[in-house]
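Trainee: These protein sequence lines map, in sequence, to chains A and B.
According to the numbering used here, the first sequence is numbered sequentially starting from 23.
According to the numbering used here, the second sequence is numbered sequentially starting from 23.
Protein chains: 2
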Amino acid sequence: MANIKDIAKAAGVSSATVSRVINQNGYVSEETRKKVELVIQQLDYVPNLNAVYLKKGATKTLGIVAPYFSDSLTVFLRGFTLSAQKEGYNVTLFMTGDDKQKELDAFEMLRRKQLDGLLLLIRLNDWKQLEPFTKYGPIVTWQRVESDHIPSVFMNHYDGYMLGLEHLYATGCRNIVNLYGSTSGLNTKSRMKAYLDFCEKYHLNPNLQPQFKGLNSSEDGEKVAHWWKEQSTKPDGFATSSDAVAAGLITEAKRLGVRVPDAFSVVGFDNIEIARLLDITTIDYPIEKQAQNAFTLIFNQLTHRENPLIPLDFHLIKRHTTK
Amino acid sequence: MANIKDIAKAAGVSSATVSRVINQNGYVSEETRKKVELVIQQLDYVPNLNAVYLKKGATKTLGIVAPYFSDSLTVFLRGFTLSAQKEGYNVTLFMTGDDKQKELDAFEMLRRKQLDGLLLLIRLNDWKQLEPFTKYGPIVTWQRVESDHIPSVFMNHYDGYMLGLEHLYATGCRNIVNLYGSTSGLNTKSRMKAYLDFCEKYHLNPNLQPQFKGLNSSEDGEKVAHWWKEQSTKPDGFATSSDAVAAGLITEAKRLGVRVPDAFSVVGFDNIEIARLLDITTIDYPIEKQAQNAFTLIFNQLTHRENPLIPLDFHLIKRHTTK
DNA sequence: TTGTAGGCGTTATCAC
DNA sequence: GTGATAACGCCTACAA
């Protein structure tokens, strides 16, 4: 593989001149430029990026870290990658499984100058472990974080969830069951708070029904359909934390001969493809915009700009799983 | 940021010794090792990977290239990334949209030593454009390729599609419509060949129904439901090229009050989550295993091994959209 | 067991 | 306009 010196030699100039030609800065006479470009063509030369990166101290590469990739994470991933590529950044994926060490490895890459910035979608380690890495480059999170040092594109799920609860109430539900997701983040806490406030507002008893937590997949939703069938005093509405759970609940109910929304109403969350397909009433959650904002936050830090963020709002998508 | 010389100075040794400690090769006395490790701790030192890569001429990073990320591509992405990470490789994502130049950019990264190998999921450029890059590192494709130089984890869709057709026939369908996907690759050609052979075998007229090509999304499937409703002599079976299309067809049919499989049968393809959720009879397509094989092919080339590949087979998953 | 020094391939600061 | 040359930070013969 030819290097810059080979080009210089073959063109009868110094490597400094070749570098100027490549990077199009500094003065080069038209004549020598032509000559150098010709040689570059002939020798099929291309600069070694590792050398460039070493010299420049940056790689134009961002990392994106998550334990797995669900539907909504994929949407985020897509939006972020597209934004990044638009500005000339590549994106490296770190799938951490449930391995905390893998997450730390990704952060190490930032420290080791392999990554210019990092997007953390779902966190595994404590913030105390991760926070020290902020000094090596911009880090942005999706989930909310108790620290002021780390910017986040987090949206308070309290508002979105409340939208769903209000809709259930408005359509006649008085005996609502919540299907919460993972309890490790703050979203479930926000949702529980929303539910309590909701109950207080309408003088409902919040302890009428058991708590369901940690539901994530459509399989989880399917189990709930069976649970519902066994109850003597049946709930008339389900508020969920994801469209996948809602989808599982609805499809399994159908298999059991239970009609939605006649028997009960369901509100999903996220507004992903499956919700549209199954006509699930859900809460639209502008993940794509969050992803763009996430990139903007990193980009601004990296380039000392102040590009504006896109404003974010939840809103209800009324479909056919509520009355 | 401390570098190796700072460590050397602080520990009162040479940078060569520090390097030996870091890489655990060469002889270092227990005493100096301890001393050096202590200093590394104290100065919070970690080697700059760009320098390491420059020196070593490899980055332990693989690229994965695709225009977009659909459900099945995401499955592939996941499998590949997990396999790669298991062997210490990172994976960089190149989302090319429909921009041929972006695809070439990714291949350039291979040439520029930023990538040790490349997985190409869906191709945009002609092979003639891409083939020259094989000399810069291992390249593996998902789609079949007319060239012998490029290994592929391609599976001949003829077999899988035939499985679906045979099943439709066995369950009584005699008037089958094919919902083919993109015509740019070879898969659709294989499927069309399968259909012709199928018709010949059972003495069916292959031109009884119009051709549907280029269907990919659930929206496309939905449109077919409307088409079906308008026909006077209605087909009794649909063979599709993706679960998404099948899902759209089925859900829209339901909205139109058409019962599946009473009115017609549907066979999906891929066996992704949505097929399970909607009880779609489909063809299982071991994408995850293909992804693992893809990594193995690259890994073998990179390390001159001969790790075995996982054998791949299609099989029919009978659910409730066929009789 | 340790140190010296050259080289990996660029970029950028000086001179000229 | 162009050319030396010193970094960037690390690894690794080869010496000692």
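Glycine included, C-beta positions come from ideal geometry on N, C-alpha and C.
Compare the C-alpha of residue 115 of chain B against each of B:253, B:140 and B:307 and name the closest.
Mentor: Along the second sequence, read from residue 1 onward, the residue named residue 115 of chain B stands at position 93. For the residues B:253, B:140 and B:307, the minimum Cα distance to residue 115 of chain B belongs to B:140.
Trainee: Are the C-beta atoms of residue 91 of chain A and some chain B residue less than 8 Å apart?
Mentor: Taking the first residue of the first sequence as position 1, residue 91 of chain A is located at position 69. Residue 91 of chain A counts as touching chain B.
Trainee: Bridge partners of residue 296 of chain B, per DSSP?
Mentor: The residue given as residue 296 of chain B occupies position 274 in the second sequence. Residue 296 of chain B is not bridged to any residue.
Trainee: Helix, strand or coil for residue 199 of chain B, going by three-state DSSP, please let me know.
Mentor: Counting from 1 along the second sequence, the entry for residue 199 of chain B is found at position 177. Residue 199 of chain B falls in the strand class under three-state DSSP.
Trainee: Inspect the beta-carbon positions of residue 138 of chain A and residue 110 of chain A and report whether they are closer than 8 Å.
Mentor: Mapped onto the first sequence, residue 138 of chain A falls at position 116. Mapped onto the first sequence, residue 110 of chain A falls at position 88. It is not a contact, given that the beta carbons lie outside the stated cut-off.
Trainee: Taking Cβ to Cβ, would you say residue 222 of chain B is nearer than 8 Å to residue 243 of chain B?
Mentor: The sequence position of residue 222 of chain B within the second sequence is 200, counting from 1. The sequence position of residue 243 of chain B within the second sequence is 221, counting from 1. Cβ distance not < 8 Å, so residue 222 of chain B and residue 243 of chain B don't count as in contact.
Trainee: Could you check the C-alpha separation between residue 302 of chain A and residue 268 of chain A for me, to the nearest Å?
Mentor: Stepping through the first sequence from its first residue, residue 302 of chain A is reached at position 280. Stepping through the first sequence from its first residue, residue 268 of chain A is reached at position 246. Cα-Cα distance, rounded: 8 Å.
Trainee: Please list the partners that residue 343 of chain B has in chain A, where partner means a Cβ-to-Cβ separation under 9 Å.
Mentor: Counting from 1 along the second sequence, the entry for residue 343 of chain B is found at position 321. Those do not exist, as residue 343 of chain B stays about 13 Å from chain A at its closest Cβ, beyond 9 Å.
Trainee: Note down, in chain order, each residue of its chain lying with its Cβ closer than 8 Å to the Cβ of residue 256 of chain A, except the 5 sequence neighbours on either side.
Mentor: Residue 256 of chain A sits at position 234 when you count from the first residue of the first sequence. Closer than 8 Å at the Cβ level, and outside the excluded window around residue 256 of chain A, lie 197, 250, 285 and 286.
Trainee: Cα-Cα, which of B:260, B:206 and B:161 is closest to residue 195 of chain B?
Mentor: In the second sequence, residue 195 of chain B corresponds to position 173, counting from 1. The option with the nearest alpha carbon to residue 195 of chain B is B:260.
Trainee: Check whether the Cβ atoms of residue 69 of chain B and residue 134 of chain A lie closer than 8 Å to each other.
Mentor: Taking the first residue of the second sequence as position 1, residue 69 of chain B is located at position 47. Taking the first residue of the first sequence as position 1, residue 134 of chain A is located at position 112. In this structure, residue 134 of chain A lies closer than 8 Å to residue 69 of chain B by Cβ.
Trainee: Would you decide whether residue 348 of chain B is buried or exposed? Buried here means 16 or more other CB atoms lie within 10 Å of its CB.
Mentor: Nothing about residue 348 of chain B can be read from this structure; chain B reaches only from 23 to 345.
Trainee: Mind listing, in chain order, the continuous alpha helix (DSSP H) runs of no fewer than 4 residues lying wholly within the segment 135-219 of chain B?
Mentor: Entirely contained in the segment 135-219 of chain B, the alpha helix (DSSP H) runs reaching 4 residues are, in chain order, 149-152 and 179-192.
Trainee: Judging by CA-CA distance, which residue of A:216, A:335 and A:49 is the nearest neighbour of residue 187 of chain A?
Mentor: Position 165 of the first sequence holds residue 187 of chain A. Of the listed residues, the one whose Cα sits closest to residue 187 of chain A is A:216.
Trainee: Once you ignore the five residues that flank residue 240 of chain A on each side, which residues in its own chain have a CB closer than 6 Å to its CB?
Mentor: Working through the first sequence from its first residue, we reach residue 240 of chain A at position 218. Closer than 6 Å at Cβ, skipping near neighbours: 266, 269 and 270.
Trainee: In whole angstroms, what separates the C-alpha of residue 53 of chain B from that of residue 26 of chain B?
Mentor: Counting from 1 along the second sequence, the entry for residue 53 of chain B is found at position 31. Counting from 1 along the second sequence, the entry for residue 26 of chain B is found at position 4. Taking the straight line joining both Cα atoms gives about 19 Å.
Trainee: Pull up the CB-CB distance for residue 166 of chain A and residue 208 of chain A, whole angstroms please, since I reckon it's below 8 Å.
Mentor: Locating residue 166 of chain A in the first sequence gives position 144, where the first residue counts as 1. Locating residue 208 of chain A in the first sequence gives position 186, where the first residue counts as 1. About 5 Å; that satisfies the 8 Å criterion.
Trainee: Please specify which runs of the beta strand (DSSP E), each continuous and at least 3 residues long, are wholly inside the segment 295-345 of chain B, giving them in chain order.
Mentor: Listed in chain order, the complete beta strand (DSSP E) runs (minimum 3 residues) inside the segment 295-345 of chain B are 304-306 and 337-339.
Trainee: Contact criterion: CB-CB distance below 8 Å. Does residue 346 of chain B meet it with respect to chain A?
Mentor: There is no way to answer for residue 346 of chain B, as the model of chain B reaches only from 23 to 345.
Trainee: Between residue 213 of chain A and residue 307 of chain A, what straight-line distance do the alpha-carbon atoms span, to the nearest angstrom?
Mentor: The sequence position of residue 213 of chain A within the first sequence is 191, counting from 1. The sequence position of residue 307 of chain A within the first sequence is 285, counting from 1. Each residue's alpha carbon lies about 14 Å from the other.
Trainee: Quick one: what's residue 373 of chain B bridged to in DSSP?
Mentor: Look at the range of chain B in this structure, 23 to 345, and you will see that residue 373 of chain B is not part of it.
Trainee: Could you check the C-alpha separation between residue 35 of chain A and residue 123 of chain B for me, to the nearest Å?
Mentor: Within the first sequence, the letter at position 13 stands for residue 35 of chain A. Within the second sequence, the letter at position 101 stands for residue 123 of chain B. In a straight line, the C-alpha of residue 35 of chain A is about 31 Å away from that of residue 123 of chain B.
Trainee: Should residue 26 of chain A be flagged as near chain B, meaning a C-beta pair shorter than 8 Å?
Mentor: Counting from one through the first sequence, the residue named residue 26 of chain A turns up at place 4. Output row for residue 26 of chain A: interface = no.
Trainee: Quick check: residue 61 of chain B and residue 33 of chain B, are their CB atoms within less than 8 Å of each other?
Mentor: Here residue 61 of chain B refers to the residue found at position 39 of the second sequence. Here residue 33 of chain B refers to the residue found at position 11 of the second sequence. It is a contact, given that the beta carbons lie within the stated cut-off.
Trainee: In chain order, what residues of the same chain lie with their CB nearer than 6 Å to the CB of residue 67 of chain B, ignoring the 5 residues before and after it?
Mentor: What you label residue 67 of chain B is simply residue 45 of the second sequence in a count that begins at 1. So the qualifying residues of the chain are 24 and 29.
Trainee: Could you confirm whether any beta carbon from chain A is found closer than 8 Å to the beta carbon of residue 305 of chain B?
Mentor: Position 283 of the second sequence, counted from the first residue, corresponds to residue 305 of chain B. Chain A, which has no Cβ nearer than 8 Å to the Cβ of residue 305 of chain B, makes this no.
Trainee: Which residue's Cα is closest to the Cα of residue 200 of chain B: B:236, B:172 and B:150?
Mentor: Against the second sequence, residue 200 of chain B aligns to sequence position 178. Looking at the Cα atoms, B:236 is the closest of the given residues.
Trainee: Taking the alpha-carbon positions, what's the residue 331 of chain B to residue 336 of chain A distance?
Mentor: Numbered from its first residue, the second sequence carries residue 331 of chain B at position 309. Numbered from its first residue, the first sequence carries residue 336 of chain A at position 314. So the two alpha carbons sit approximately 47 Å from each other.
Trainee: So residue 343 of chain B packs on residue 272 of chain B, CB below 8 Å; how close in whole Å?
Mentor: For this step, residue 343 of chain B is matched to residue 321 along the second sequence. For this step, residue 272 of chain B is matched to residue 250 along the second sequence. The Cβ separation is near 6 Å, so the contact holds.
Trainee: Beta-carbon separation of residue 154 of chain B and residue 118 of chain B under 8 Å?
Mentor: Looking up residue 154 of chain B in the second sequence gives position 132. Looking up residue 118 of chain B in the second sequence gives position 96. Contact flag unset, no.
Trainee: With the cut-off set at 8 Å, would you say residue 291 of chain A and residue 262 of chain A are in Cβ contact?
Mentor: What you label residue 291 of chain A is simply residue 269 of the first sequence in a count that begins at 1. What you label residue 262 of chain A is simply residue 240 of the first sequence in a count that begins at 1. Against a cut-off of 8 Å, the Cβ pair of residue 262 of chain A and residue 291 of chain A comes out as a contact.
Trainee: By the DSSP assignment, the alpha helix (DSSP H) with residue 65 of chain B in it spans what residues?
Mentor: By one-based count along the second sequence, residue 65 of chain B stands at place 43. Element bounds for residue 65 of chain B: 52-65.
Trainee: Just tell me which of A:252, A:218 and A:229 has its CA closest to the CA of residue 278 of chain A.
Mentor: Within the first sequence, the letter at position 256 stands for residue 278 of chain A. Nearest option by C-alpha distance: A:252.
Trainee: Going by C-alpha to C-alpha distance, which of A:101, A:126 and A:87 sits closest to residue 142 of chain A?
Mentor: Taking the first residue of the first sequence as position 1, residue 142 of chain A is located at position 120. Selected option, being the one with the closest Cα: A:87.
Trainee: Name the one or two DSSP bridge partners that residue 288 of chain A has.
Mentor: In the first sequence, the residue the question calls residue 288 of chain A occupies position 266. Note: residue 288 of chain A sits in a beta bridge opposite A:260.
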